Amino acid sequence: MKNTAYLLSVGNEVLSGRVINTNASFLAIELEKIGIEVVKVLTVADDAASIDACLDEFMASNSKIMITTGGLGPTHDDFTKEEIAKYFGVELVENSEAKQDMFNYFGEARVDSNLKQVYQPKGAIIVHNKLGTADGFILEQNGKVIISLVGPSYEMQPMFNEGVKPYLLKYGSELIIKEYTVVGRSESSLENDLKELVASCVNVNVAPYCGNGKIRYQLTADAKYLDEFNEVKDKFEKIVGANIVSKDNESIEEVVVKSLKAKGLKISFAESMTGGMLSEMLTSVSGASNVIDESFVTYAASAKNKILGVSLDTIKKCDVVSKPVALEMVNGLEKITNSDVCVAITGYAGPDGADVGKVCYAIKYKKIVSVFEKHFKGNRNMIRERAVRDILFNVYCTINK
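Each position in the sequence shown, counted from 1, maps to that position plus 37 in our numbering.
Set out below in structure tokens:
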């Protein structure tokens, strides 16, 4: 029987919505990968009675594991550790590992409120925090496992990956998981094409996770159903085809940077509606400096004319958001950069106007230009993000023909 888990997020800031609970989604995904199913996600304020009530529910359940996040810091409202220790009647003792971790972080001994962080439940396994002052812990009580981690996600995630995940493997089950990044098609159209395959699956789960202009598909099965899993995987890949940009859950920007780098190509951008979002997405990827040449934000018509040489007559005659303008933008961009790949975009992101969502863009590669006119729905930022991912998908397709 598969072990299950509770997730408990502690903090007024999380309960109020001032901090988005990304910890729960991260932990649920990572636990699923090792065969542990999350059956309940709880969020409570910094309140002892509320924490106790969650512990009561967990201890009465069939779940084996509870992971808490938040409330391990040095301030007066950080008392998750203290409450857990009190609940189980476990003494808090000074822990030399936790003390050394804090010393390593500050580079000097501390005598202030941070000292509370060196006290840990007696007999607990310390989960080291290399990016902050507060360590976490793993406590086994009455056949259950309670794991307490910090709230800030940039500290919590490496704590889980390095200190908790290896420990939990003994409670998991062996799963086969394959993750795909799909771009360039809608979830509904893919669902229509995949419905027969999904209906035929007995021991393999095919799950879509829809994003803005992208879809992550995950195929999951118990290891004993390997043959069925491989059969479903092959059929899935055949149906979705060229819209699969990654079989390792990479983002479209990661895939584009990797492809450009592998081919030794440089790319430049001329952006109007997206205001630099295209180049920003690529520069968020490690190694982008090897592939990005130049980037211009030519928002106004005068900037398109001055920097890219777009004719004001073309803008007046065809409209600033038109395929002829996108074409002149990309040709002008190539003249001033001489990059291997040039991309230009103009569009209406809204929220006002009759043509909100209309986007025209051009991609020039090996002296061949492809010009696109697309219409995206959503609010201003949704339209911009969808346009960017659509462009990057077509850049990927263009350079990999």
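Don't be surprised by glycine CBs; every beta carbon is placed ideally from N, CA and C.
Fair warning: this is a prediction, and the values are worked out from it, not measured in the lab.
Could you name the residues of the same chain whose beta carbon sits closer than 7 Å to that of residue i, not counting the 5 residues immediately before and after it, in chain order?
{"i": "glutamate 131", "result": "Val155 and Tyr156"}
{"i": "threonine 351", "result": "Pro361, Val362 and Glu365"}
{"i": "serine 100", "result": "Thr41, Ala42, Tyr43 and Val76"}
{"i": "serine 185", "result": "Thr105, Leu109, Thr117, Lys118, Ile121, Gly173 and Phe174"}
{"i": "isoleucine 163", "result": "Asn132, Glu134, Ala135, Gln157, Asp172 and Phe174"}
{"i": "valine 78", "result": "Leu44 and Ala61"}
{"i": "glycine 261", "result": "Correcting the residue type first, residue 261 is lysine in the shown sequence and not glycine. So the list is empty, once near-sequence residues are dropped."}
{"i": "asparagine 58", "result": "Ser46, Val51 and Thr80"}
{"i": "lysine 153", "result": "Pro111"}
Look at the alpha carbon of residue i and the alpha carbon of residue j, and state the distance between them as a whole number of angstroms.
{"i": "threonine 383", "j": "asparagine 368", "result": "14 Å"}
{"i": "asparagine 280", "j": "lysine 414", "result": "20 Å"}
{"i": "glutamine 178", "j": "threonine 435", "result": "58 Å"}
{"i": "isoleucine 405", "j": "lysine 353", "result": "26 Å"}
{"i": "glycine 387", "j": "arginine 417", "result": "6 Å"}
{"i": "serine 332", "j": "cysteine 379", "result": "10 Å"}
{"i": "valine 292", "j": "alanine 337", "result": "31 Å"}
{"i": "alanine 299", "j": "glycine 324", "result": "11 Å"}
{"i": "lysine 232", "j": "lysine 270", "result": "14 Å"}
{"i": "alanine 86", "j": "glycine 54", "result": "21 Å"}
{"i": "asparagine 229", "j": "phenylalanine 409", "result": "25 Å"}
{"i": "isoleucine 102", "j": "leucine 297", "result": "44 Å"}
{"i": "threonine 320", "j": "leucine 429", "result": "13 Å"}
{"i": "valine 33", "j": "phenylalanine 63", "result": "A query on residue 33 cannot be resolved here, the shown segment of the chain reaching from 38 to 438 and no further."}
{"i": "leucine 129", "j": "threonine 257", "result": "41 Å"}
{"i": "glutamate 94", "j": "valine 328", "result": "53 Å"}
{"i": "cysteine 355", "j": "serine 339", "result": "15 Å"}
{"i": "isoleucine 400", "j": "asparagine 141", "result": "51 Å"}
{"i": "tyrosine 254", "j": "valine 243", "result": "7 Å"}
{"i": "glutamate 69", "j": "glutamate 371", "result": "47 Å"}
Tell me which residues share the same chain as residue i and place their Cβ nearer than 6 Å to its Cβ, disregarding the 5 neighbours each side in the sequence.
{"i": "asparagine 49", "result": "Ala82 and Asp83"}
{"i": "glutamate 199", "result": "none"}
{"i": "glutamate 308", "result": "Leu315, Val334 and Ile382"}
{"i": "serine 283", "result": "Thr218 and Val292"}
{"i": "glutamate 192", "result": "Asn166, Leu168 and Gly169"}
{"i": "isoleucine 252", "result": "Val219, Glu224 and Pro245"}
{"i": "tyrosine 398", "result": "Ala363, Ile382, Phe409 and Ile428"}
{"i": "glycine 209", "result": "Ile71, Gly72 and Ile73"}
Could you tell me whether the Cβ atoms of residue i and residue j are closer together than 9 Å?
{"i": "lysine 341", "j": "valine 362", "result": "yes"}
{"i": "leucine 212", "j": "aspartate 264", "result": "no"}
{"i": "isoleucine 73", "j": "isoleucine 121", "result": "no"}
{"i": "threonine 311", "j": "arginine 421", "result": "yes"}
{"i": "glutamate 287", "j": "methionine 318", "result": "no"}
{"i": "arginine 426", "j": "valine 239", "result": "no"}
{"i": "lysine 438", "j": "aspartate 377", "result": "no"}
{"i": "glutamate 216", "j": "aspartate 138", "result": "no"}
{"i": "leucine 206", "j": "valine 182", "result": "no"}
{"i": "leucine 234", "j": "lysine 272", "result": "yes"}
{"i": "leucine 349", "j": "isoleucine 373", "result": "no"}
{"i": "tyrosine 385", "j": "valine 347", "result": "no"}
{"i": "phenylalanine 266", "j": "valine 294", "result": "no"}
{"i": "asparagine 249", "j": "methionine 419", "result": "yes"}
Which term fits residue i, buried or exposed, when burial requires 16 or more other beta carbons within 10 angstroms of its beta carbon?
{"i": "tyrosine 402", "result": "buried"}
{"i": "lysine 118", "result": "buried"}
{"i": "serine 11", "result": "A query on residue 11 cannot be resolved here, the shown segment of the chain reaching from 38 to 438 and no further."}
{"i": "proline 158", "result": "buried"}
{"i": "glycine 126", "result": "exposed"}
{"i": "arginine 423", "result": "buried"}
{"i": "alanine 236", "result": "exposed"}
{"i": "tyrosine 246", "result": "exposed"}
{"i": "threonine 112", "result": "exposed"}
{"i": "aspartate 115", "result": "buried"}
{"i": "asparagine 375", "result": "exposed"}
{"i": "asparagine 166", "result": "buried"}
{"i": "methionine 196", "result": "buried"}
{"i": "methionine 38", "result": "exposed"}
{"i": "serine 305", "result": "buried"}
{"i": "lysine 275", "result": "exposed"}
{"i": "aspartate 29", "result": "Nothing about residue 29 can be reported from this structure: the residues present for the chain run from 38 to 438 only."}
{"i": "lysine 395", "result": "buried"}
{"i": "glycine 390", "result": "exposed"}
{"i": "glycine 278", "result": "exposed"}
{"i": "glycine 301", "result": "exposed"}
{"i": "leucine 161", "result": "Rather than leucine, the amino acid found at residue 161 in this sequence is alanine. Alanine 161 comes out buried."}
{"i": "glycine 107", "result": "buried"}
Could you check if residue i belongs to the surroundings of the ligand HEM, using beta carbon to heavy atom distance under 8 Å?
{"i": "arginine 55", "result": "No copy of the ligand HEM appears in this structure; indeed no ligand is present at all."}
Identify, in the order they occur along the chain, each residue of the same chain with its Cβ nearer than 8 Å to the Cβ of residue i, setting aside the five sequence neighbours on each side.
{"i": "glutamate 67", "result": "Phe197, Asn198 and Lys202"}
{"i": "alanine 65", "result": "Leu44, Val75 and Val78"}
{"i": "aspartate 330", "result": "Lys303, Ile304, Ser305, Thr374 and Ser376"}
Length at least 4, wholly inside the segment 75-133: the alpha helix (DSSP H) runs in chain order: Scanning the segment 75-133 from its first residue to its last, the whole alpha helix (DSSP H) runs of 4-plus residues come out as 85-97 and 117-125.
Completely contained alpha helix (DSSP H) runs for the segment 149-218, where each covers 4 or more residues: Taking 4 residues as the minimum length, the alpha helix (DSSP H) runs contained wholly in the segment 149-218 are 190-196 and 202-205, in order along the chain.
Within the segment 303-369, ranges of the alpha helix (DSSP H) (whole runs, at least 4 residues): Taking only runs of at least 4 residues, the alpha helix (DSSP H) segments lying wholly in the segment 303-369 are 314-320, 338-345 and 349-355.
Those runs of the alpha helix (DSSP H) which lie wholly inside the segment 258-300 and span at least 4 residues: Runs found: 263-277 and 289-300.
Ranges of the alpha helix (DSSP H) found wholly within the segment 48-72, counting only runs of at least 4: For the segment 48-72, whole alpha helix (DSSP H) runs of length 4 or above, ordered along the chain, are 49-52 and 59-70.
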